[in-house]
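Written below as structure tokens is the structure these notes are about.
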Amino acid sequence: MSPLPAVHAVLAAPGTQALLAQYGRDDTVAALREALDSFRQAGRQAGIEAVLASAGAILEYRHRPRVRPVFNLTGTVLHTNLGRAPLPAEAVAAATAAMTGAIPLEFDLGRAKRGDRDDLVEDWLCRLTGAEAATVVNNNAGAVLLMLHALAAKAEVVVSRGELVEIGGAFRIPEVMARAQARLREVGTTNRTHLRDFEAAIGPKTAALMKVHTSNYAVVGFTAQPPEAELARLAHDHGLPFLVDLGAGSLVDMERWGLPHEPTPRETLAAGADLVCFSGDKLLGGPQTGIIVGRKDLVARIKKNPLKRALRMDKIRLAALEAVLKLYADPDSLAQRLPTLRLLTRPADAIAAMGRQVLPAIERSMDGKARVALEPCHSQIGSGALPVDLLPSWAIVLRPPLGTKSEGRALDQLAAAWRGLPVPVVGRIADGALWFDLRCLEDHAPFLAQLADLP
Ligand SMILES: *Cc1c(COP(=O)(O)O)cnc(C)c1O
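To convert, note that position 33 of the sequence shown is 149 in this note's numbering; the numbers rise steadily by one, no gaps.
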């Protein structure tokens, strides 16, 4: 008797039907061969059942979704690597409807004519920012690229040396400018730039003055940047547009909820900016998008640029964006209905209460493997917004047992075990401990339900 069954024999076995139905014939056959090979190489015998079990495990691993929920307990609410803003139920419903069927994406239902996809959200954006016109693209990096290419290709854009920022992920203002074929004219110094620096740089080749919000760092101490209103006036005196990349771009004043002030597109336009661009999935709390608002003639030029077509938004995110913008019509309910704002404004007391709820179960699951405590910590807003301001929060803190020799390795292993859960738990390692900031844990049941799976 052969020590291993033949592929066709396993394929014919009744137990294989479930695999075939779930994964299809090609993948199932490939997995059966792989399972048989590994038994053969190990010199082991196996019956049909064992081969099926092994193939099933291979298939399950291979088909496991890579896009799946995780618990973001990093303490950074808008975590770029974890997908930034969680969307409100209204946006999920709108996106689902758009995904599953046809929508009037570029179709004017009133006149049965071809329409413009920007029309789906332009009214809301204008109302919420006071702008004359608006357009949306894939993300804010795309918005900056498009704005510069449409208005300043082969010409100069004057920017302060204090604002030549790198956002991360290879987004650097000087490099984006080069890709947009705009020539960067840097003025001033890292810490201080004056209106006269801008004025001296304006010449026949100048296409625009630009301000970049220094989202992810703060220049403190002996610093100076001209106020936006003065830059706007200077630009307009020379017949030039004043462009502002706001980055995070909150649509409402965050101070209303006790959060630090972040400039809004409305304020920036009121100060005289001709165009303002900002992200949709940072403080705005919506889907990934880049929004450009401002003067109608400039927006019209942007819409005509071929890059607009290359960077355009898809129907799913447009649907989600419209639903999120509608929530801003009632700012009083925003902190409840918009998850980003709800998480950012979550009181430390409520987070501590969540901590007391989950602490005993975590202590039991970590029995001997870690020392567990509930301790105060600080969350960050993330995505470069308000970098120096931290939000008081509470964290479950795991430390390797006393006397552990290689604490660093023990911590890494601990963190890996939590990341290996069915819904991976992602924390932050700092000060010799693994921190689970509970700010973004709103429902503890699914979190606790999987603790039994910890090794
Ligand atoms: C985040 C940010 C960007 C890039 O926005 P994305 O939406 O991530 O593409 C550009 N400029 C500034 C100032 C930013 O903060």
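Cβ atoms here follow ideal geometry from the backbone N, Cα and C, with glycine treated the same way.
Check: Would DSSP call P130 helix, strand or coil?
Finding: coil
Checklist line | Unbroken alpha helix (DSSP H) run spanning M293, endpoints | finding: I289 to R295
Check: According to DSSP, is G246 helix, strand or coil?
Finding: coil
Notebook entry, point to check: Among E176, D224 and T245, which has the Cα closest to the Cα of I408?
Noted result: T245
Notebook entry, point to check: Which of helix, strand or coil does DSSP assign to H195?
Noted result: coil
Notebook entry, point to check: What residue does the beta strand (DSSP E) around D361 start on, and which one ends it?
Noted result: F358 to G363
Notebook entry, point to check: Where L127 and L175 are concerned, what is the direct C-alpha to C-alpha distance, given to the nearest angstrom?
Noted result: 15 Å
Check: Nearest to G140 by CA position, among S154, D390 and G172, is which residue?
Finding: G172
Checklist line | Residue of V360, D361, H329 and E378 minimising C-alpha distance to L367 | finding: E378
Next item on the list: Please report how far the alpha carbon of I283 lies from the alpha carbon of D143, in whole angstroms.
Entry: 41 Å
Check: So, is A286 buried or exposed, given that buried needs 16 or more other C-beta atoms within 10 angstroms?
Finding: exposed
Notebook entry, point to check: Quick one, which of D483, I432, A526 and A531 has its alpha-carbon nearest V208's?
Noted result: I432
Item checked: Runs of alpha helix (DSSP H) lying entirely within the segment 306-367, each at least 4 residues, in chain order -> 311-317 and 344-353
Notebook entry, point to check: Mind checking whether L189 and R156 have CB atoms under 8 Å apart?
Noted result: no
Checklist line | Where R184 falls: helix, strand or coil (DSSP) | finding: coil
Item checked: Beta bridge counterpart(s) of Q452 as assigned by DSSP -> None, per the DSSP bridge assignment.
Checklist line | Near ligand 1: G406 beta-carbon under 7 Å from a heavy atom | finding: yes
Next item on the list: Excluding the 5 residues preceding and the 5 following P492 in the sequence, name in chain order all residues of the same chain whose CB lies nearer than 7 Å to its CB.
Entry: P508 and W510
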